[in-house]
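K.L.:
Chain order of the listed sequences is P and F. Per my numbering, residue 1 is the first one in the first sequence, and the count goes up by one each step. Per my numbering, residue 419 is the first one in the second sequence, and the count goes up by one each step. Glycine included, each C-beta is placed from N, C-alpha and C at the ideal position.
Number of protein chains: 2
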Amino acid sequence: MRINQAPSHRWDRWLVRRLFQAIGPAPIRVALGGGDGFVPAGISPVATVRIRDRRTLAQLVLDPEIGFGEAYAEGRIQVEGDFVRFLEVVYTSIGNTRRPFWYSGVVSKWMDWLQNNTLRGSLANIHRHYDLGNDFYKLWLDHEMVYTCAYFPSSSATLEEAQIAKMDHVCRKLQLQPGETVVEAGCGWGALAMHMARHYGVLVKAFNISKEQIFYARRRAVEIGISDRVEFIEDDYRNVSGKFDAFVSVGMLEHVGLSHYRELGNVIHRTIGDSGRGLLHFIGRNYHEEFSRWIRKRIFPGAYAPALAEAMRVLEPWDYSVLDVENLRLHYAKTLEHWLDRFERCSHQVAAMYGDWFQRAWRLYLAGSIAAFRTGRLQLFQVLFAGSQCREFPWTRAHLYTDAQSVESRPRWTHAMS
Amino acid sequence: MRINQAPSHRWDRWLVRRLFQAIGPAPIRVALGGGDGFVPAGISPVATVRIRDRRTLAQLVLDPEIGFGEAYAEGRIQVEGDFVRFLEVVYTSIGNTRRPFWYSGVVSKWMDWLQNNTLRGSLANIHRHYDLGNDFYKLWLDHEMVYTCAYFPSSSATLEEAQIAKMDHVCRKLQLQPGETVVEAGCGWGALAMHMARHYGVLVKAFNISKEQIFYARRRAVEIGISDRVEFIEDDYRNVSGKFDAFVSVGMLEHVGLSHYRELGNVIHRTIGDSGRGLLHFIGRNYHEEFSRWIRKRIFPGAYAPALAEAMRVLEPWDYSVLDVENLRLHYAKTLEHWLDRFERCSHQVAAMYGDWFQRAWRLYLAGSIAAFRTGRLQLFQVLFAGSQCREFPWTRAHLYTDAQSVESRPRWTHAMS
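1. Jot down the residue ranges of each uninterrupted beta strand (DSSP E) in the stretch 68–148 of chain P, minimum 3 residues, whole runs only, in chain order.
2. State the DSSP-derived secondary structure class of Arg830 (chain F), mapped to helix, strand or coil.
3. Beta-carbon of Phe152 (chain P) versus every beta-carbon of chain F: anything under 8 Å?
4. Where do the N-terminal and C-terminal ends of the alpha helix (DSSP H) with Gln777 (chain F) fall, by residue?
5. Specify, as a first and last residue, the run of the alpha helix (DSSP H) that Asn684 (chain F) falls within.
6. Under three-state DSSP, which class holds Pro45 (chain P)?
7. What's the call for Asn543 (chain F), buried or exposed, on a 16-neighbour Cβ count within 10 Å?
8. My understanding is that Glu602 (chain F) touches Val622 (chain F), with C-beta atoms under 8 Å, so please give their C-beta distance in whole angstroms.
9. Taking CB distances under 8 Å as the criterion, tell me whether Asn266 (chain P) reaches chain F.
10. Please classify Arg229 (chain P): does DSSP put it in a helix, a strand, or coil?
11. Check for me: the beta strand (DSSP E) holding Asp324 (chain P) runs from which residue to which?
12. Is the stretch 252–267 of chain P in contact with the stretch 313–322 of chain P, if contact means three or more CB pairs nearer than 8 Å?
13. Any Cβ of chain F within less than 8 Å of the Cβ of Asp319 (chain P)?
14. Applying a beta-carbon distance threshold of less than 7 Å, which residues of chain P neighbour Asp742 (chain F)?
15. By DSSP, does Thr396 (chain P) sit in helix, in strand, or in coil?
16. Report whether the distance from the Cβ of Ser93 (chain P) to the nearest heavy atom of the ligand HEM is below 7 Å.
17. Which of the three DSSP states, helix, strand or coil, is assigned to Leu437 (chain F)?
18. Would you please state the rounded distance, in angstroms, between the beta carbons of Gln797 (chain F) and Gly702 (chain F)? I believe it to be under 8 Å.
19. In or out: Tyr151 (chain P) buried (at least 16 other Cβ within 10 Å) or exposed?
20. Between Pro724 (chain F) and chain P, is there a C-beta pair that is closer than 8 Å?
21. Taking DSSP as the reference, what is the three-state secondary structure of Val208 (chain P)?
22. Would you check if the distance between the CB atom of Gly604 (chain F) and the CB atom of Gly675 (chain F) is smaller than 8 Å?
23. If we count the other Cβ atoms within 10 Å of its Cβ and call it buried at 16 or more, is Ala41 (chain P) buried or exposed?
24. Looking at C-alpha atoms only, which residue of P:Leu139, P:Ile224, P:Arg270 is the closest neighbour of Tyr237 (chain P)?
25. Hey, is the stretch 286–294 of chain P in contact with the stretch 49–68 of chain P, meaning 3+ C-beta pairs nearer than 8 Å?
26. Do Arg377 (chain P) and Tyr72 (chain P) have their CB atoms nearer than 8 Å?
27. Tell me whether Gln800 (chain F) sits in a helix, a strand or coil according to DSSP, three-state version.
28. Output the distance between the C-alpha atoms of Trp831 (chain F) and Thr335 (chain P), rounded to the nearest integer angstrom.
29. Could you check how far apart the C-beta atoms of Glu630 (chain F) and Tyr565 (chain F) are, in whole angstroms? I think they sit under 8 Å.
30. Identify whether Pro482 (chain F) lies in helix, strand or coil by the three-state DSSP scheme.
31. Skipping 5 residues on each side, what residues in its chain have a beta carbon closer than 6 Å to that of Ala361 (chain P)?
32. Could you give the DSSP three-state label for Phe343 (chain P): helix, strand or coil?
33. How would you list, in chain order, the residues of chain P whose beta-carbon sits under 8 Å from the beta-carbon of Arg815 (chain F)?
34. Quick one: measure Cβ to Cβ for Gln393 (chain P) and Leu323 (chain P), integer angstroms, because I've assumed they're closer than 8 Å.
35. With 7 Å as the limit, tell me which residues of the stretch 785–797 of chain F have their beta carbon closer than that to any beta carbon of chain P; keep them in chain order.
36. If we count the other Cβ atoms within 10 Å of its Cβ and call it buried at 16 or more, is Asn535 (chain F) buried or exposed?
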């Protein structure tokens, strides 16, 4: 590959050429130290990545995925220009190149083993991310503390509106009826559980192994006076017991791990049997691909985003019918834009609380996620399913798109068997 | 198992017991010749199956799937009472029993091999079903000759309305824009191709290997004056050439065969690339299961209904994103009820055209399909997908549920990348 504006030293030239070979001819400028930088010939760059020294550049060539994350978090790499746009073009370029490094598969497997989501492993993995402190998440999440993809009925909706719309969207898909029982696996700070109990008149049992989140959720349920209708249980989804009408899990499948899908399926069948229905909301992929090693190392240990076909391993053994799959990937990009915007506005505070390394690592995680959802490297699936004996579900999906939001005006169910 | 009303001969008693062991304790009465019949103890029967002789009963015990189909078509078995309801309870009972006969797997593999959907095999398979004569299908299909699952916006819609609504539903999901090009694989009698061209202003190239259907479609396109905008090509989907904005296939995947999904994926990518979008509408399953051997032997040679995960084999190799999956299984049950009703009203005519055997075999196929969709042994999936470079799709699915049906009033596209 020809690189314009040749660098001063032939080692640097060689390394930059190798870097572009690894990531493909991305429209970016690569600058070393205080230099002008290099751009693939004939390409107009969208941003400049400034690499502090030759050592950092060499690490980037050796392993762009880990190398970039580590160096960015440590301040040895800076991006001048639109950070998200920069990540987007690099993701697209890497996606077209598809030349995985020989050792990335080995390292990935080794990480899988180290971070396996056993009962004990999950506790450690979840603790590392979700127990960072509620005060931190309060800085940049919405009022209800919903840390999953929102649903924007129109692109002008606020984050607050979109998170409530998402909860309604889920409840309507599940066709919750007053008096029914719902089990939630992985309930975060409890917003959905409380929303279901308050606005749909159901009884909820919600599970989570994050101490901080459960602590917050329980206090909040008491505050708003619904602790008699929502029970927050600090336990693993594998220990869910009892019988319920519906199962819901929003943003937990990513932490279950492919090798444990069968266990999750067993839990679902144990709780809702053949007559219930359920919804899985999760980050997915177009095909099997490991989660970024840097993200697993620094942000989400043990995480995996399944292809849609892989997610079916939860449902197939129990003869569950998939009724509806919706891809909300652009909604997640928009949700993350809101989060990143709020995060940037309090980045000094974050740095003061957790240090500069943390603040930069989290910026990269949020911005990288926006880029991943925009470019389609990540998807967001909502999968609605029902058991073989579940004979009542709506005739069409039109009821999801009426204006009625209250319990009273929800549509009558249509009997499937006439 | 205890059987009430003991039969006259101990061989018959033994055979009936074996039959109920094979199919489970279904709520049916089994009568031999002119006898009263036997019912599983404590169960109230929904219908009576009258088996002419001991030989037929023995064949039923040996292989209920093939045995029932063959004997019913030959008139050696009759069902007194609601035929569909009878099939439903038997399907449910067999589904709960899950005791496949040892040789059914072997026979199934052998049938797969015999009926493999190679270029030549497909020609033979499709010819056997779809070239039975257009006059036959005209007897019981809707005016537009649509031989796939309809979409009933309300359960009171007529079949005619529901088939048009289905075509609009597909066109809206694909967000067809005037002037765009669409390729259709497996176009039946051409109704959808002509609908797209007439009402959505697109140019269509439609493929089919059924001589009779292509003949009908071409004549019809000339009659309604749109032969300049719809081209009907008598060829296999594997020979599709050219570049298109959208790919659509309604009711063909069932005839492709699991071992050829990769080929279909290649064809799709060759025609719409990374920037197009497409829709696959097909009969599916909750998990991997071969199509009924009797149906493959007598009605649909080479047919296979995939699990959703299996259908992903078409899309995954090319990084296509699944945007939307809708399960319309109850709509197919309703569609088939309309077809069976019309079929029954002209059953004498059918018998006069093709004989009693044919008329009974087709009644069993239609009634059995209703039962299969009602009980969830079969599903109907519409899968909407888009390429990695397709940046334009609607923000939500609300546009599918507005009243606007015309080209002019269709919603504006929202740019995904803001």
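P.N.:
For this structure:
1. 77–81
2. For Arg830 (chain F), the predicted model reports a pLDDT of 35, less than 50, meaning its position is unreliable; a value from the coordinates is still stated below. Coil at Arg830 (chain F), not helix or strand.
3. Yes - at least one Cβ of chain F is within 8 Å of the one on Phe152 (chain P).
4. From DSSP, the alpha helix (DSSP H) with Gln777 (chain F) extends over 774–793.
5. 679–690
6. coil
7. buried
8. 6 Å
9. no
10. Of the three classes helix, strand and coil, the one that applies to Arg229 (chain P) here is coil, per DSSP.
11. According to the DSSP assignment, Asp324 (chain P) belongs to the beta strand (DSSP E) that extends over 321–327.
12. yes
13. yes
14. Val325, Glu326, Asn327
15. Thr396 (chain P) falls in the coil class under three-state DSSP.
16. Absent from the structure shown: the ligand HEM. Ligands present: none.
17. Residue state, collapsed to three classes: helix.
18. 4 Å
19. buried
20. no
21. First, the residue type needs correcting, since residue 208 (chain P) is Asn and not Val in the sequence shown. Three-state DSSP puts Asn208 (chain P) in a strand.
22. In this structure, the beta-carbon distance from Gly604 (chain F) to Gly675 (chain F) does not fall below 8 Å.
23. exposed
24. P:Arg270
25. yes
26. Contact flag unset, no.
27. strand
28. At Trp831 (chain F) the pLDDT is 34, less than 50, meaning the model places this residue with poor confidence and gives no usable figure here.
29. Their Cβ separation, rounded to whole angstroms, is 12 Å, which puts Glu630 (chain F) and Tyr565 (chain F) out of contact at 8 Å.
30. helix
31. Ala73, Arg298
32. helix
33. Glu326, Arg397, Leu400, Tyr401
34. The amino acid occupying residue 393 (chain P) in the given sequence is Phe; Gln does not appear at that position. Contact holds; Cβ gap of about 6 Å.
35. Close to chain P, meaning a Cβ-Cβ distance shorter than 7 Å, are the following residues of the stretch 785–797 of chain F: Arg792, Gly794, Gln797.
36. buried
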